[in-house]
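What follows is a single structure, written as C-alpha coordinates, with notes after it.
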Amino acid sequence: MSIGDFFKKLIPKDKHFFPLYEDLSGHILKAATALHEVLEHDDPVKHKDLLKKIKEYESQADEYTQKIFDEIDKSFITPFDREDMHELTSSLDSVLDSINGTSQRIRYYRPKNIPSEFKDFAKLILDGCQYINTAVIELKNLKKPNKILKACRKMTEIESTADDVYHRTISGIFKKEKDAIELIKQKEIVENLERTTDRVEDVSDILKTIVLKMA
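Under the working numbering, the letters of the sequence shown match residues -15 to 199, in that order.
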(Lines of atoms letter the chains of each structure in order from A and count residues from 1; the text may use other names and numbers.)
(Lines give C-alpha, C1' and ligand atoms only; values in the text may rest on other atoms or scores of the structure.)
Protein backbone atom coordinates (compact mmCIF):
# COMPACT_ATOMS: atom_id res chain seq x y z
CA MET A 1 0.00 0.00 0.00
CA SER A 2 1.36 3.40 -0.97
CA ILE A 3 1.51 6.29 1.52
CA GLY A 4 -1.12 8.05 -0.57
CA ASP A 5 -3.50 5.10 -0.31
CA PHE A 6 -2.86 4.88 3.43
CA PHE A 7 -3.84 8.50 4.01
CA LYS A 8 -6.91 8.13 1.81
CA LYS A 9 -8.13 5.48 4.23
CA LEU A 10 -7.75 7.95 7.09
CA ILE A 11 -10.10 10.46 5.48
CA PRO A 12 -13.70 10.07 6.74
CA LYS A 13 -15.87 9.04 3.80
CA ASP A 14 -18.92 11.05 4.84
CA LYS A 15 -19.64 12.00 1.25
CA HIS A 16 -19.53 8.33 0.29
CA PHE A 17 -21.47 6.78 3.18
CA PHE A 18 -24.38 9.19 3.38
CA PRO A 19 -25.49 8.82 -0.28
CA LEU A 20 -25.41 5.04 0.16
CA TYR A 21 -27.59 5.28 3.27
CA GLU A 22 -29.96 7.60 1.42
CA ASP A 23 -30.16 5.17 -1.50
CA LEU A 24 -30.95 2.36 0.92
CA SER A 25 -33.64 4.29 2.79
CA GLY A 26 -35.06 5.50 -0.52
CA HIS A 27 -35.57 1.91 -1.64
CA ILE A 28 -37.23 1.10 1.68
CA LEU A 29 -39.67 3.95 1.09
CA LYS A 30 -40.37 2.79 -2.48
CA ALA A 31 -41.12 -0.72 -1.23
CA ALA A 32 -43.40 0.59 1.54
CA THR A 33 -45.25 2.73 -1.00
CA ALA A 34 -45.76 -0.28 -3.26
CA LEU A 35 -47.02 -2.42 -0.35
CA HIS A 36 -49.46 0.33 0.58
CA GLU A 37 -50.77 0.38 -3.00
CA VAL A 38 -51.15 -3.40 -3.01
CA LEU A 39 -53.40 -3.32 0.05
CA GLU A 40 -55.32 -0.25 -1.12
CA HIS A 41 -56.45 -1.74 -4.44
CA ASP A 42 -58.09 -4.97 -5.56
CA ASP A 43 -56.57 -5.17 -9.04
CA PRO A 44 -54.77 -8.56 -9.44
CA VAL A 45 -52.78 -7.34 -12.45
CA LYS A 46 -51.59 -4.27 -10.57
CA HIS A 47 -50.82 -6.44 -7.55
CA LYS A 48 -48.55 -8.66 -9.62
CA ASP A 49 -46.56 -5.69 -10.94
CA LEU A 50 -46.26 -4.05 -7.52
CA LEU A 51 -45.21 -7.24 -5.76
CA LYS A 52 -42.57 -7.78 -8.43
CA LYS A 53 -41.30 -4.24 -7.85
CA ILE A 54 -41.00 -4.83 -4.11
CA LYS A 55 -38.82 -7.87 -4.76
CA GLU A 56 -36.66 -5.78 -7.11
CA TYR A 57 -36.31 -3.02 -4.49
CA GLU A 58 -35.27 -5.63 -1.94
CA SER A 59 -32.61 -7.06 -4.25
CA GLN A 60 -31.26 -3.59 -5.09
CA ALA A 61 -31.20 -2.67 -1.40
CA ASP A 62 -29.13 -5.78 -0.66
CA GLU A 63 -26.50 -4.37 -3.02
CA TYR A 64 -26.46 -1.02 -1.19
CA THR A 65 -26.25 -2.86 2.12
CA GLN A 66 -23.22 -4.82 0.97
CA LYS A 67 -21.57 -1.67 -0.40
CA ILE A 68 -21.97 0.03 2.98
CA PHE A 69 -20.50 -2.97 4.81
CA ASP A 70 -17.59 -3.03 2.37
CA GLU A 71 -16.92 0.68 2.87
CA ILE A 72 -17.06 0.32 6.66
CA ASP A 73 -14.53 -2.50 6.53
CA LYS A 74 -12.21 -0.56 4.21
CA SER A 75 -12.30 2.72 6.15
CA PHE A 76 -10.07 3.50 9.13
CA ILE A 77 -12.25 6.47 10.07
CA THR A 78 -16.05 6.47 9.78
CA PRO A 79 -18.63 9.28 10.22
CA PHE A 80 -19.83 7.69 13.46
CA ASP A 81 -19.25 4.55 15.52
CA ARG A 82 -18.36 1.57 13.31
CA GLU A 83 -20.53 -0.91 15.25
CA ASP A 84 -23.47 1.49 15.15
CA MET A 85 -23.03 1.81 11.40
CA HIS A 86 -23.17 -1.96 11.07
CA GLU A 87 -26.29 -2.11 13.24
CA LEU A 88 -28.01 0.75 11.42
CA THR A 89 -27.28 -0.85 8.05
CA SER A 90 -28.60 -4.23 9.22
CA SER A 91 -31.70 -2.63 10.75
CA LEU A 92 -32.50 -0.74 7.56
CA ASP A 93 -32.04 -3.90 5.51
CA SER A 94 -34.32 -5.80 7.91
CA VAL A 95 -37.15 -3.32 7.33
CA LEU A 96 -37.08 -4.00 3.60
CA ASP A 97 -36.66 -7.74 4.13
CA SER A 98 -39.79 -7.67 6.29
CA ILE A 99 -41.77 -5.66 3.72
CA ASN A 100 -40.71 -8.12 1.04
CA GLY A 101 -41.58 -11.08 3.26
CA THR A 102 -45.08 -9.68 3.74
CA SER A 103 -45.52 -9.00 0.04
CA GLN A 104 -44.41 -12.51 -0.90
CA ARG A 105 -46.96 -14.02 1.49
CA ILE A 106 -49.67 -11.92 -0.12
CA ARG A 107 -48.44 -13.08 -3.52
CA TYR A 108 -48.39 -16.79 -2.77
CA TYR A 109 -51.22 -17.11 -0.23
CA ARG A 110 -53.66 -15.05 -2.32
CA PRO A 111 -56.10 -14.40 0.54
CA LYS A 112 -59.72 -14.13 -0.57
CA ASN A 113 -60.42 -11.37 1.92
CA ILE A 114 -58.27 -8.40 2.88
CA PRO A 115 -59.37 -7.03 6.28
CA SER A 116 -59.54 -3.24 6.38
CA GLU A 117 -56.97 -3.29 9.18
CA PHE A 118 -54.38 -4.54 6.69
CA LYS A 119 -54.70 -1.17 4.98
CA ASP A 120 -54.22 0.54 8.34
CA PHE A 121 -51.02 -1.44 8.83
CA ALA A 122 -49.77 -0.58 5.36
CA LYS A 123 -50.31 3.12 6.08
CA LEU A 124 -48.44 2.85 9.39
CA ILE A 125 -45.55 1.11 7.65
CA LEU A 126 -45.49 3.73 4.90
CA ASP A 127 -45.49 6.55 7.47
CA GLY A 128 -42.73 4.82 9.42
CA CYS A 129 -40.58 4.45 6.32
CA GLN A 130 -41.10 8.11 5.45
CA TYR A 131 -39.75 8.99 8.89
CA ILE A 132 -36.84 6.61 8.37
CA ASN A 133 -36.02 8.36 5.12
CA THR A 134 -36.24 11.78 6.77
CA ALA A 135 -33.92 10.70 9.60
CA VAL A 136 -31.38 9.07 7.27
CA ILE A 137 -31.21 12.17 5.08
CA GLU A 138 -30.47 14.17 8.25
CA LEU A 139 -27.57 11.91 9.29
CA LYS A 140 -25.17 14.33 7.64
CA ASN A 141 -26.37 16.95 10.15
CA LEU A 142 -25.77 14.94 13.33
CA LYS A 143 -24.64 18.03 15.21
CA LYS A 144 -28.20 19.35 14.78
CA PRO A 145 -30.20 16.20 15.52
CA ASN A 146 -33.65 17.68 16.20
CA LYS A 147 -35.18 16.39 12.95
CA ILE A 148 -33.72 12.93 13.53
CA LEU A 149 -35.07 12.76 17.08
CA LYS A 150 -38.50 14.00 15.98
CA ALA A 151 -38.63 11.29 13.31
CA CYS A 152 -37.58 8.71 15.91
CA ARG A 153 -40.41 9.75 18.23
CA LYS A 154 -42.87 9.33 15.37
CA MET A 155 -41.51 5.85 14.61
CA THR A 156 -42.00 4.83 18.24
CA GLU A 157 -45.56 6.17 18.20
CA ILE A 158 -46.27 4.20 15.04
CA GLU A 159 -45.08 0.95 16.62
CA SER A 160 -47.29 1.57 19.64
CA THR A 161 -50.31 2.22 17.41
CA ALA A 162 -49.46 -0.90 15.41
CA ASP A 163 -49.68 -3.04 18.55
CA ASP A 164 -53.28 -1.87 19.05
CA VAL A 165 -54.13 -2.46 15.39
CA TYR A 166 -52.59 -5.93 15.58
CA HIS A 167 -54.71 -7.04 18.54
CA ARG A 168 -57.83 -5.59 16.94
CA THR A 169 -57.06 -7.34 13.66
CA ILE A 170 -56.39 -10.73 15.25
CA SER A 171 -59.61 -10.46 17.23
CA GLY A 172 -61.56 -9.57 14.10
CA ILE A 173 -60.07 -12.42 12.07
CA PHE A 174 -61.03 -15.04 14.65
CA LYS A 175 -64.55 -13.61 14.97
CA LYS A 176 -65.33 -13.20 11.26
CA GLU A 177 -63.29 -15.76 9.32
CA LYS A 178 -64.92 -19.20 9.23
CA ASP A 179 -62.55 -20.77 6.70
CA ALA A 180 -59.63 -22.25 8.66
CA ILE A 181 -57.17 -21.97 5.77
CA GLU A 182 -58.09 -18.34 5.12
CA LEU A 183 -57.75 -17.64 8.84
CA ILE A 184 -54.21 -19.03 8.84
CA LYS A 185 -53.30 -17.00 5.74
CA GLN A 186 -54.62 -13.76 7.19
CA LYS A 187 -53.06 -14.38 10.59
CA GLU A 188 -49.61 -14.97 9.12
CA ILE A 189 -49.83 -11.88 6.91
CA VAL A 190 -50.89 -9.63 9.78
CA GLU A 191 -48.09 -11.02 11.95
CA ASN A 192 -45.62 -10.02 9.24
CA LEU A 193 -47.17 -6.57 8.96
CA GLU A 194 -46.81 -6.09 12.71
CA ARG A 195 -43.26 -7.42 12.61
CA THR A 196 -42.39 -4.79 10.02
CA THR A 197 -43.42 -2.00 12.39
CA ASP A 198 -41.15 -3.60 15.00
CA ARG A 199 -38.27 -3.37 12.52
CA VAL A 200 -39.09 0.30 11.97
CA GLU A 201 -38.78 0.89 15.72
CA ASP A 202 -35.43 -0.95 15.69
CA VAL A 203 -34.15 1.69 13.25
CA SER A 204 -35.40 4.40 15.59
CA ASP A 205 -33.55 2.84 18.53
CA ILE A 206 -30.17 2.70 16.78
CA LEU A 207 -30.59 6.22 15.40
CA LYS A 208 -31.19 7.51 18.94
CA THR A 209 -28.07 5.67 20.11
CA ILE A 210 -26.02 7.30 17.34
CA VAL A 211 -27.34 10.76 18.21
CA LEU A 212 -26.60 10.22 21.92
CA LYS A 213 -23.01 9.17 21.24
CA MET A 214 -22.42 12.13 18.93
CA ALA A 215 -23.89 14.67 21.37
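For each residue, glycine too, the CB sits at the ideal point set by N, CA and C.
Taking the alpha-carbon of Lys189 as reference, which of Lys138, Ile165, Glu166, Lys171 has the nearest alpha-carbon? Taking the first residue of the sequence shown as 1, we reach residue 189 at position 205. With the sequence shown as reference, residue 189 is identified as Asp, and Lys is not the correct amino acid for it. Ranking Lys138, Ile165, Glu166, Lys171 by Cα distance to Asp189 puts Lys138 first.
Mind checking Gln170: buried by the 16 CB within 10 Å criterion, or exposed? For the purposes of this step, residue 170 is taken as the residue at position 186 of the sequence shown. So Gln170 counts as buried.
Considering only their Cβ atoms, is the gap separating His20 from Leu80 smaller than 9 angstroms? If you number the sequence shown from 1, residue 80 lands on position 96. If you number the sequence shown from 1, residue 20 lands on position 36. No, the pair does not count as a contact, with Cβ atoms beyond the cut-off.
For Leu19, which three-state DSSP category applies? In the sequence shown, the residue the question calls residue 19 occupies position 35. Helix.
Just to check my reading of the structure: Ile12 and Ile116 have Cβ atoms closer than 8 angstroms, yes? What is that Cβ distance to the nearest angstrom? For the purposes of this step, residue 12 is identified with residue 28 of the sequence shown, where counting begins at 1. For the purposes of this step, residue 116 is identified with residue 132 of the sequence shown, where counting begins at 1. Ile12 to Ile116, Cβ: 6 angstroms. Contact.
How about the stretch 46 to 62 and the stretch 71 to 88: do they share at least three Cβ pairs that are nearer than 8 angstroms? yes
Note the first and the last residue of the continuous alpha helix (DSSP H) segment covering Phe53. Against the sequence shown, residue 53 aligns to sequence position 69. It spans 28 to 58 - the alpha helix (DSSP H) in which Phe53 sits, taken as one unbroken run.
Under 9 angstroms, do Glu161 and Asn97 count as touching if we go by C-beta distance? The residue given as residue 161 occupies position 177 in the sequence shown. The residue given as residue 97 occupies position 113 in the sequence shown. Result yes, Cβ atoms of Glu161 and Asn97 sit closer than 9 angstroms.
If I'm right that Leu23 touches Lys134 with Cβ under 8 angstroms, what's the distance once you round it to whole angstroms? Mapped onto the sequence shown, residue 23 falls at position 39. Mapped onto the sequence shown, residue 134 falls at position 150. Not confirmed; about 27 angstroms, so no contact.
Beta-carbon proximity list for Met198, same chain, < 8 angstroms, skipping 5 on both sides: Position 214 of the sequence shown holds residue 198. The residues are Phe64, Leu126, Lys127, Pro129.
Whose C-beta lies closer than 6 angstroms to the C-beta of Ala119 among residues of the same chain, with five residues either side of it excluded? For this step, residue 119 is matched to residue 135 along the sequence shown. The answer, listed in chain order, is Ile132, Ala135, Leu191.
Ala16 and Gln114: beta carbons closer than 9 angstroms? One-based indexing of the sequence shown puts residue 16 at position 32. One-based indexing of the sequence shown puts residue 114 at position 130. Yes. Within cutoff.
Taking the beta carbon of His151 as the centre, do at least 16 other beta carbons fall within 10 Å, making it buried, or is it exposed? On the sequence shown, residue 151 is found 167 positions in, with the first residue counted as 1. Flag for His151 reads exposed.
For Lys39 and Arg66, the rounded distance between their alpha carbons: In the sequence shown, residue 66 corresponds to position 82, counting from 1. In the sequence shown, residue 39 corresponds to position 55, counting from 1. Whole-angstrom Cα-Cα distance: 29 angstroms.
Output the distance between the C-alpha atoms of Tyr93 and Leu196, rounded to the nearest integer angstrom. As a first step, residue 93 is located in the sequence shown; it is residue number 109 there, counting from the start. As a first step, residue 196 is located in the sequence shown; it is residue number 212 there, counting from the start. Those two C-alpha atoms are separated by around 43 angstroms.
Indicate the three-state DSSP secondary structure (helix, strand or coil) for Asn97 in the structure shown. Along the sequence shown, read from residue 1 onward, the residue named residue 97 stands at position 113. Here Asn97 sits in coil by DSSP.
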